[in-house]
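Worksheet for the structure shown next.
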Ligand SMILES: [Zn+2]
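Residue numbers (the UniProt record's numbering): 1 to 189.
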């Protein structure tokens, strides 16, 4: 999938923030978000996909992004439930709350491209606005149903389906393998 490269990046960041910062289940086990320094490190990794640079994330910024992650999760869950209207309404609320403002930027030898700035000029504010905008671009495109929640038992991690035919159902290869193995065992029994 290629909405455009920057959108792909921010949607990947949204997925990483939701999966890092929201409690639930992951790959068959209960999942609790990390705390303390582990949490700020995890957020720092989540907002630096490809790790071309790393960001210092404060505890306050991690707190702010944890709240944003809960709101982003609602969007993925709405799409997974087939309720695109709810997903759109949640996303519109996030765009308003994060005060997402488009801004043309040019850095690191790249051509001019659109970034989204948010409230307060902080890293957390900018990423919140960017993630909201990334999901808005997906929901406003013909690939609107590419956001998902893992369908494996005891897993609620989210994903964006970038496969050509859009048939992804799991957050990860381990979850896909768990389901395959269970189906195989069921046939053997
Ligand atoms: Zn999973």
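Even for Gly, the Cβ is constructed at its ideal location relative to N, Cα and C.
Every value quoted in this text rests on a predicted model; they were computed, and no experiment measured them.
Query	Result
Helix, strand or coil at residue 37 [DSSP, three-state]	helix
From 129, 33, 188, 174, residue whose alpha carbon lies closest to that of residue 7	129
Beta carbon shell of ligand 1 at less than 6 Å from a heavy atom	27, 150, 152, 155, 157, 170, 171, 172, 175
Cβ contact check for the stretch 116-132 and the stretch 67-76: 3 or more pairs under 8 Å	yes
Beta-carbon proximity of residue 87 to residue 139, cut-off 8 Å	yes
Assigned secondary structure, residue 141 (DSSP; H/G/I helix, E/B strand, else coil)	coil
Segment contact, 8 Å Cβ cut-off, at least three pairs: the stretch 8-22 with the stretch 145-162	yes
Three-pair Cβ contact test at 8 Å for the stretch 93-109 versus the stretch 160-172	no
Spatial neighbours of residue 15 in its chain, beta-carbon cut-off 7 Å, leaving aside the 5 residues before and after	158, 159, 160
Residue 204 - containing beta strand (DSSP E), residue span	Residue 204 cannot be examined here, being either before or after the span of the chain that is shown, 1 to 189.
Cutoff 6 Å; reference residue 34; Cβ partners in own chain excluding five residues on either side	42
Same chain only: Cβ atoms within 8 Å of residue 84, ignoring 5 sequence neighbours per side	78, 139, 144, 145
Alpha-carbon to alpha-carbon, residue 151 and residue 169	6 Å
Residue ranges of each alpha helix (DSSP H) within the stretch 51-82, 4 or longer	59-80
Helix, strand or coil at residue 105 [DSSP, three-state]	strand
Reduced DSSP category for residue 13 - H, G, I as helix; E, B as strand; rest coil	helix
Sequence-distant residues of its chain with Cβ nearer than 6 Å to residue 176 (five each side left out)	170
DSSP three-state assignment for residue 47, whether helix, strand or coil	coil
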